[in-house]
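Mature numbering (1 follows the signal peptide of the UniProt record, and there is no 0) puts the sequence shown at residues -22 to -1, 1 to 258.
Even for Gly, the Cβ is constructed at its ideal location relative to N, Cα and C.
Computed from a prediction, not measured in an experiment: that's the story for all the values here.
Working notes, structure below.
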Amino acid sequence: MQLRKVTAASAAVLALALTATACGSSDDKGGDSADGGKKITIGIKIDQPGIGLKTPDGKFTGFDVDVATYIAKELGYDAKDIDFKETKSADRETAIERGDVKFIAASYSINDERLQKVDFAGPYLLAHQDILVRADDPSIKSPADLNSKKLCSVTGSTSAQNVKEKLAPKAQLQEYGGYSECLTGLENKVVDALTTDDSILAGFASQKDFQGKFKLAGFKMSNENYGIGLKKGDADLKKKINDALTKMVSDGSWDKAVKANFGPANYKNEPAPKIGNVVK
Ligand code: GLU
């Protein structure tokens, strides 16, 4: 690293200069850190096993974490330079608009409404909305059965919106801030089902604590094209991320990440999407 070659004094001056730039330049906190070190802040989920999870020892795991780490590397950041920041479903556009994060990899579906506020690179995964029910509950045989049920989803998610607008407008929908609250509700029979992407639900169902308790219904109720959210109009970053995603697929890293993260949950993912090909 170049910094090691400079003297302590000039390093301090350099650090100060970088600090000044960081403070003076913009509201963009997603890039270099205030102390002059090269850092990148990436938005992630922290309560979705297999996708984005913060483990009790403070580590981040999941497919989105691997995708984000790969992209960061292509942008010139080592894994140690990454600050992962939780971005809940309802907070994602704001986090990008404010410059709190450089980009977001957080089970973030590309849709027209979000495209008004942010841009997306990708897609890098195609998932489908499904429901998770208690293993001993045979009463939900089709999405329409949800109309008489208590359903849990997360505020600001496409799943909540789909339920209200088309899938089951008469369902009693409970919206929480994160998925863990819904899971507790499902276990304690406060709600009858939890709806979100099958990629996320598979991860929950395979958790040690929940094994045998829940099952996925297997309804493919929507196409969820996961994209990397970034600041609207940043064509340069979008291109760099798209190039990184293309490389991740072609060098086999995408497959490796899929196996490592979805294998344990036995989630049968769709093949890698083509960049720019959003499946409606
Ligand atoms: N992929 C869906 C969405 O972007 C649901 C998962 C989530 O809430 O992150 O809203």
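According to DSSP, residue i sits in a beta bridge with which residue or residues?
| i | result |
| --- | --- |
| D108 | T174 |
| Y204 | S87 and L103 |
| F81 | I20 and L208 |
| I60 | I18 |
| G30 | Q26 |
| F192 | R112 |
| C160 | According to DSSP, which records beta bridges pairwise, C160 is partnered with nothing at all. |
| Y55 | In the DSSP output, where bridge partners are listed per residue, Y55 has none listed. |
| L124 | Bridge partners of L124: none, in fact. |
| L129 | L151 and A171 |
| V96 | K209 |
| T39 | L31 |
When the Cα of residue i is compared with those of the options, which residue comes out closest?
| i | options | result |
| --- | --- | --- |
| E91 | G77, E71, A84 and V79 | E71 |
| L194 | Q107, E248, E52 and K63 | Q107 |
| D35 | V45, K148 and I24 | I24 |
| W232 | D61, Y102, Y154 and D187 | Y102 |
| S177 | Y157, L151, K51 and G163 | Y157 |
| G77 | I18, G28, K119 and S120 | I18 |
| T47 | A171, G211, Q185 and I22 | I22 |
| I29 | E165, A213, V256 and E64 | E64 |
| K66 | I20, F41 and A57 | I20 |
| K167 | S184, A113 and T39 | A113 |
| D212 | L93, P121, K37 and Q185 | L93 |
| I118 | I49, D44, E153 and T173 | T173 |
| A250 | P242, T162 and M226 | M226 |
| S120 | D221, A171, A243 and T162 | A171 |
Among the residues of its own chain, which have a CB less than 8 angstroms from the CB of residue i, if the five just before and after it don't count?
| i | result |
| --- | --- |
| K16 | D10, G54, Y55 and D59 |
| L208 | I74, K80, F81, I82, V96, D97, F98, A99, L215, K216 and I219 |
| S228 | none |
| K148 | N125 and S126 |
| T136 | S87, N89, Q107, S200 and E202 |
| G163 | C130, Q152, Y154, V169 and L172 |
| P242 | G28 and S184 |
Output needed for residue i: all residues of its chain with C-beta closer than 6 angstroms, excluding positions within five of it in sequence on either side, in chain order.
| i | result |
| --- | --- |
| E202 | S87, A105 and D175 |
| D5 | Low local confidence applies: a pLDDT of 47 at D5 is under 50, so the model's placement there is unreliable, with the coordinate-based value given in what follows. Closer than 6 angstroms at Cβ, skipping near neighbours: G77. |
| L179 | D108, L110 and L194 |
| G134 | S67 and A68 |
| N239 | G28, G40 and F41 |
To which residues of the same chain is residue i closer than 7 angstroms at the C-beta, ignoring the five residues directly before and after it?
| i | result |
| --- | --- |
| L151 | L129, S131, A138, V141 and K142 |
| N204 | A small correction: the amino acid at residue 204 is Tyr; Asn does not occupy that position in the sequence shown. Result list for Y204: S85, Y86, S87, G100, P101, Y102, L103 and A105, in chain order. |
| K246 | none |
| S3 | Note that S3 scores 38 on pLDDT, short of 50, meaning its location in the model is unreliable; the coordinates nonetheless yield the value given after this. Around S3: no qualifying Cβ. |
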